[in-house]
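Protein chains in written order, with this note's numbering: chain A, -8 to 229; chain B, 4 to 250. Beta carbons: idealized from backbone N, C-alpha and C, even for Gly.
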């Protein structure tokens, strides 16, 4: 009984949701620190630094393991979320004529599925724009040797040019901004909710967890969103 | 007060129901919501029509029988009260009030506003008890020391009257608040701790079997609960279940 309880029960789905979600929060922090290098003034050094970092992130064995855990977490989080949403819809086959959930719960907490779908679509687009180019040879003809003597692909120029593009640069920046807004709302519920699902709830710490969650939900997506706009409006054109 | 009522009418479990509009007049603001429903039913009976079926028993807010979804919220717009303790002073003259049964797959409609909540009974039966030897030498319960905090927390959990407002309010029709309160009231006490693992596994299993939805921590249940049962109970059950399932 105990074994199936940890795999099939409604609570098990929640544990996995919480566990993968909180792990992905950690991933966001790591990813953000890497991305912040894009704010450096345009120079050969900034280009080399970012490209060496990108090479490290795609080749280092430890990072590789972490990245596979991240891919699995994203897929699992999405599938689990979809299953939960389908099951939850079935739990109330006939709805109310008059239902006022806004009187007792927050919008983001009731729309995690929609927010998650927007985020998943963003991840697919985002990965096809940069990750796939790096991974599947799109950048092979940009290979060059940095000042440190490392042979790297030029992901830096692709990234900067995408957001500085005269025709689509601003549109991409706005699209990224919208996606970050969705992540912000998703996190505003998800962060604290993850702790609750794992049973971490105590009057002494609830306020701290909730406030940390809100701060995380505002600061992390905001910092991510600043980058494409900064590249478009402020950074020197390349 | 004169009011327009839009009420869900459904002849029986199989019939297809629909919203029907009624007018009631001269309703006193001192009446309880159910007394207002009584006025409506007297009118209907006088006209030779079928009165509206709704659940009620003690009308003191302690039995958990009454269960109406009023203007989109279980037990109506007031907080910390059951339908029977909701007073008409919470409404204004000329208001339109929408009255529906609690909606969930696990709460099928029997007639009009009456739903079958025996799914809650089955969850309780699955493990919501303690085994006591009653062979004649039963130990006095007071001989087991219980700290005040645990006794209080257990008591708060036990104040759940099983009305089903948590399920009705939840967008997922989840029964986590009810089940967690019924798990907690025992697991917090030494008498209940002995069977805590078996209890939480069995009660959650039964809850899933009944077709309730999954908890997504929206917190709607806690806000709408007439007894103020806390989400802390759900977290406690999450903890207890995790502990029990890895053993």
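Residue j beta carbon less than 7 Å from that of residue i
{"i": "residue 11 of chain A", "j": "residue 68 of chain A", "result": "yes"}
{"i": "residue 117 of chain B", "j": "residue 60 of chain B", "result": "no"}
{"i": "residue 26 of chain A", "j": "residue 143 of chain A", "result": "no"}
{"i": "residue 10 of chain B", "j": "residue 91 of chain B", "result": "no"}
{"i": "residue 202 of chain B", "j": "residue 97 of chain B", "result": "no"}
{"i": "residue 64 of chain A", "j": "residue 15 of chain A", "result": "yes"}
{"i": "residue 159 of chain B", "j": "residue 207 of chain B", "result": "no"}
{"i": "residue 99 of chain A", "j": "residue 24 of chain A", "result": "no"}
{"i": "residue 191 of chain B", "j": "residue 157 of chain B", "result": "yes"}
{"i": "residue 168 of chain A", "j": "residue 9 of chain A", "result": "no"}
{"i": "residue 219 of chain A", "j": "residue 164 of chain A", "result": "yes"}
{"i": "residue 223 of chain A", "j": "residue 162 of chain A", "result": "no"}
{"i": "residue 158 of chain A", "j": "residue 106 of chain B", "result": "no"}
{"i": "residue 172 of chain B", "j": "residue 223 of chain B", "result": "yes"}
{"i": "residue 79 of chain A", "j": "residue 175 of chain B", "result": "yes"}
{"i": "residue 36 of chain B", "j": "residue 85 of chain B", "result": "no"}
{"i": "residue 189 of chain A", "j": "residue 207 of chain A", "result": "no"}
{"i": "residue 289 of chain B", "j": "residue 114 of chain B", "result": "This structure cannot speak to residue 289 of chain B, because chain B is shown only from 4 to 250."}
Contacts that residue i makes with chain A (C-beta to C-beta distance below 9 Å)
{"i": "residue 242 of chain B", "result": "189, 190, 191 and 192"}
{"i": "residue 223 of chain B", "result": "92, 94, 95, 96, 100 and 101"}
Under 7 Å by beta carbon: chain A residues contacting residue i
{"i": "residue 107 of chain B", "result": "82 and 83"}
{"i": "residue 174 of chain B", "result": "92 and 101"}
{"i": "residue 214 of chain B", "result": "82"}
{"i": "residue 218 of chain B", "result": "5"}
{"i": "residue 211 of chain B", "result": "0 and 1"}
{"i": "residue 245 of chain B", "result": "6 and 190"}
Where residue i falls: helix, strand or coil (DSSP)
{"i": "residue 223 of chain A", "result": "helix"}
{"i": "residue 144 of chain A", "result": "coil"}
{"i": "residue 110 of chain B", "result": "strand"}
{"i": "residue 77 of chain B", "result": "strand"}
{"i": "residue 207 of chain B", "result": "helix"}
{"i": "residue 164 of chain B", "result": "coil"}
{"i": "residue 14 of chain B", "result": "coil"}
{"i": "residue 209 of chain A", "result": "helix"}
{"i": "residue 137 of chain B", "result": "coil"}
{"i": "residue 34 of chain A", "result": "coil"}
{"i": "residue 196 of chain A", "result": "helix"}
{"i": "residue 135 of chain A", "result": "strand"}
{"i": "residue 9 of chain B", "result": "strand"}
{"i": "residue 118 of chain B", "result": "strand"}
{"i": "residue -3 of chain A", "result": "helix"}
{"i": "residue 129 of chain A", "result": "coil"}
{"i": "residue 107 of chain A", "result": "helix"}
{"i": "residue 216 of chain B", "result": "strand"}
For residue i, the first and last residue of its enclosing alpha helix (DSSP H)
{"i": "residue 118 of chain A", "result": "Here residue 118 of chain A belongs to no alpha helix (DSSP H), and DSSP marks it neither H nor E."}
{"i": "residue 174 of chain A", "result": "160 to 188"}
{"i": "residue 4 of chain A", "result": "1 to 26"}
{"i": "residue 182 of chain B", "result": "179 to 190"}
{"i": "residue 195 of chain B", "result": "193 to 196"}
{"i": "residue 87 of chain A", "result": "Element bounds for residue 87 of chain A: n/a, residue is neither H nor E."}
{"i": "residue 246 of chain B", "result": "235 to 249"}
{"i": "residue 42 of chain B", "result": "36 to 49"}
{"i": "residue 82 of chain B", "result": "Looking at the DSSP string, residue 82 of chain B is not in any alpha helix (DSSP H), and its letter there is neither H nor E."}
Element boundaries [beta strand (DSSP E), containing residue i]
{"i": "residue 27 of chain B", "result": "21 to 27"}
{"i": "residue 104 of chain B", "result": "99 to 104"}
{"i": "residue 65 of chain A", "result": "From DSSP, residue 65 of chain A is part of no beta strand (DSSP E) but of the alpha helix (DSSP H) over 52 to 81."}
{"i": "residue 121 of chain B", "result": "Residue 121 of chain B -> not in any beta strand (DSSP E); alpha helix (DSSP H) instead, spanning 121 to 130."}
{"i": "residue 72 of chain B", "result": "71 to 73"}
Buried or exposed (CB count within 10 angstroms, at least 16 for buried), residue i
{"i": "residue 220 of chain B", "result": "buried"}
{"i": "residue 50 of chain A", "result": "exposed"}
{"i": "residue 174 of chain A", "result": "buried"}
{"i": "residue 193 of chain A", "result": "exposed"}
{"i": "residue 99 of chain B", "result": "exposed"}
{"i": "residue -8 of chain A", "result": "Any answer about residue -8 of chain A is weak, because its pLDDT of 47 lies below 50 and its placement is not dependable; what the coordinates show is given next. It counts as exposed."}
{"i": "residue 209 of chain A", "result": "exposed"}
{"i": "residue 230 of chain B", "result": "buried"}
{"i": "residue 135 of chain A", "result": "exposed"}
{"i": "residue 225 of chain B", "result": "buried"}
Interface residues of chain A facing residue i [CB-CB closer than 8 Å]
{"i": "residue 227 of chain B", "result": "95"}
{"i": "residue 239 of chain B", "result": "190 and 192"}
{"i": "residue 234 of chain B", "result": "187 and 192"}
Closer than 7 Å at the beta carbon, the chain B residues around residue i
{"i": "residue 88 of chain A", "result": "22, 101 and 103"}
{"i": "residue 78 of chain A", "result": "216 and 217"}
Under 8 Å by beta carbon: chain B residues contacting residue i
{"i": "residue 184 of chain A", "result": "219 and 220"}
Interface partners of residue i on chain B, CB under 9 Å
{"i": "residue 75 of chain A", "result": "175, 216, 217 and 219"}
Output needed in chain order: residues of the segment 63 to 81 of chain B with a Cβ under 8 Å from some Cβ in chain E. Absence of chain E from the displayed structure is noted, the protein chains being A and B.
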